[in-house]
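Engineer: Residue numbers (the numbering used here), protein chains in the order written: chain A, 322 to 435; chain B, 322 to 435. Note that beta-carbon positions come from the ideal geometry of N, C-alpha and C, so glycine has one too.
2 protein chains.
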Amino acid sequence: MRPLFHPALEDLKPEAILYALSDPERVAIFAQIAGVGSSGTCTALANLGGRVIPKSSLSQHMKVLREAGLIRGERQGVEMRNHSRCQEVDQRFPGLIAAILSAYGRPPAATSAG
Amino acid sequence: MRPLFHPALEDLKPEAILYALSDPERVAIFAQIAGVGSSGTCTALANLGGRVIPKSSLSQHMKVLREAGLIRGERQGVEMRNHSRCQEVDQRFPGLIAAILSAYGRPPAATSAG
DNA sequence: TCAACAGTTCCGAATTTCTGAACTACGGAA
DNA sequence: TTCCGTAGTTCAGAAATTCGGAACTGTTGA
Chain A
322 MRPLFHPALE DLKPEAILYA LSDPERVAIF AQIAGVGSSG TCTALANLGG
372 RVIPKSSLSQ HMKVLREAGL IRGERQGVEM RNHSRCQEVD QRFPGLIAAI
422 LSAYGRPPAA TSAG
Chain B
322 MRPLFHPALE DLKPEAILYA LSDPERVAIF AQIAGVGSSG TCTALANLGG
372 RVIPKSSLSQ HMKVLREAGL IRGERQGVEM RNHSRCQEVD QRFPGLIAAI
422 LSAYGRPPAA TSAG
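1) Given a cut-off of 8 Å, decide if L342(A) and L339(B) are closer than it, judged by their beta-carbon atoms.
2) Out of curiosity, what's the CA-to-CA distance linking A389(A) and E409(A)?
3) Using a threshold of 8 Å, state whether the C-beta atoms of E395(B) and T362(B) are closer than that.
4) Around the C-beta of A434(B), are 16 or more other C-beta atoms found within 10 angstroms, so that it is buried, or is it exposed?
5) For a quick check, are the C-beta atoms of I392(B) and H382(B) less than 8 Å apart?
6) Against F326(A), what residues of chain B qualify as contacts under a CB-to-CB distance less than 9 Å, listed in chain order?
7) From the DSSP output, which residues share a beta bridge with N403(B)?
8) From this set, R406(A), L379(A), Q412(A), R402(A), which residue's C-alpha is nearest P345(A)'s C-alpha?
9) Specify the secondary structure class of I374(B) as computed by DSSP and reduced to three states.
10) Is the beta carbon of L417(B) less than 8 Å from the beta carbon of A337(A)?
11) Give the DSSP-derived three-state secondary structure of T364(B) in the structure shown.
12) Can you grab the Cα-Cα spacing for the pair P375(B) / K384(B), in whole Å?
13) Please confirm whether A349(B) has its beta-carbon closer than 8 Å to some beta-carbon of chain A.
14) Less than 6 Å between C-beta atoms, sequence neighbours within five positions excluded: which residues of the same chain meet that for Q330(A)?
15) Would you please verify whether the beta carbon of D344(A) is less than 8 Å from any beta carbon of chain B?
16) Can A349(A) and L422(A) be called in contact, C-beta distance under 8 Å?
17) If you drop the 5 nearest sequence neighbours on each side, which residues of the same chain put their C-beta closer than 8 Å to that of N368(B)?
18) In or out: R406(B) buried (at least 16 other Cβ within 10 Å) or exposed?
19) By the 9 Å beta-carbon criterion, what residues does the stretch 360-391 of chain A contribute toward chain B?
20) List, in order along the chain, the chain A residues whose C-beta lies closer than 9 Å to that of A420(B)?
21) With DSSP collapsed to three states, give me the class of H382(B).
22) Expressed to the nearest angstrom, what Euclidean distance is found between the alpha-carbon atoms of A365(B) and G426(B)?
23) Beta-carbon of K329(A) versus every beta-carbon of chain B: anything under 8 Å?
24) Starting from the Cα of P415(A), find the closest Cα among A420(B), H327(B), K334(B) and give me that residue.
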C-alpha cells in the first residue's frame, strides 16, 4: 500500500473538485465526513444512501475525494480516519464548497466552509 | 435532428451541472457564451483554448451543457444561437455558478450570475 | 434541383468506471 | 515469531462512457 497522496493547497484544481462532487454518492460521503468533523472510516461510510457500497468502489471514491483535495486520510491503527479539508479548500476557492453542498440541499457544517 | 431538450428549472440537477463544468473545455465554452451574452455559435466556439475541437465533440459538449440546463440553444436560420441560463440556474442554486466560474478564475459576467 | 454550410448522429476505438477477488497493512493473542 | 481477524487497497475483466471521423439532417441561396 503506497502512502496516500494529498495535493497541496496550491495544486487544487477546480475540475477535480467539481468532478469529485458530480457523483451524489461521493457527495453523501463527503457531507458525512464534513458533518461529523472527522473519524469517517470507510466501513462507517459504506451504507449511506440505502445501498451498500462495495468496499473496492468505496476505496475508489475515497481516492477521488482525496486527490481532489477534499478530504485527508490518515491511518490510525487498523483503520483510516478521514476528515474534510473544507477550510483549506475554502481559502483557495471561497464559497465553492458551500455553494455546492447547498445546491445538493446539504447545508455546510459549521466546522467546514460556512 | 430531434428538437433540442432543455430541462425545466425544477428539473435541474446539481450533479449534472457539476459534471458539465468539471471539464475545462466545457467551462471555456460556457464562459464564452455567458460572457458574450448570446450568439455563441458552434463554429465560433470551436477553437477557444488553442486547439480546434472536432465538431462532433463540440456538439457533444453543447449537449452536456444544454441538458445540464446551463445554456439554451435555438436555431436561427442555418446556425444555432446559444445563450446562457445563468440567471435561471442562479434562482435555483444561488451562488453556484458564480462560485464555480470564480474558482476557475473566470469572474462571472454581469449578464449572468453576478 | 444542386451546392454550401451548421450542426447532429452513428459507430468503432480508446478511456474510464465498477466490483469481486486477491492482496497489503496493522494489531492482538499465543 | 506465527497465526488470525479487521480495514482498506490493488488487480483484472466486464460494463459504461467519451472521443472523433464519416455520414447524415436541415437550412439558405442560386
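Structural biologist: Let me spell this out:
1) yes
2) 12 Å
3) no
4) At A434(B), the pLDDT of 43 sits below 50, so the modelled position is not reliable; the number obtained from the coordinates is stated separately. It is buried - the Cβ of A434(B) has at least 16 other Cβ atoms within 10 Å.
5) no
6) Within 9 Å Cβ-Cβ: nothing; F326(A) doesn't reach chain B, min ~19 Å.
7) G394(B)
8) L379(A)
9) coil
10) no
11) helix
12) 14 Å
13) no
14) The sequence given here places Leu at residue 330(A); Gln does not occur at that position. Cβ neighbours of L330(A) beyond the five flanking positions: E409, R413.
15) yes
16) no
17) I374
18) buried
19) none
20) F414, P415, G416, L417, I418, A419, A420, I421
21) helix
22) 22 Å
23) At residue 329(A) the sequence reads Ala, which differs from the Lys that was named. Chain B contact via Cβ: absent.
24) A420(B)
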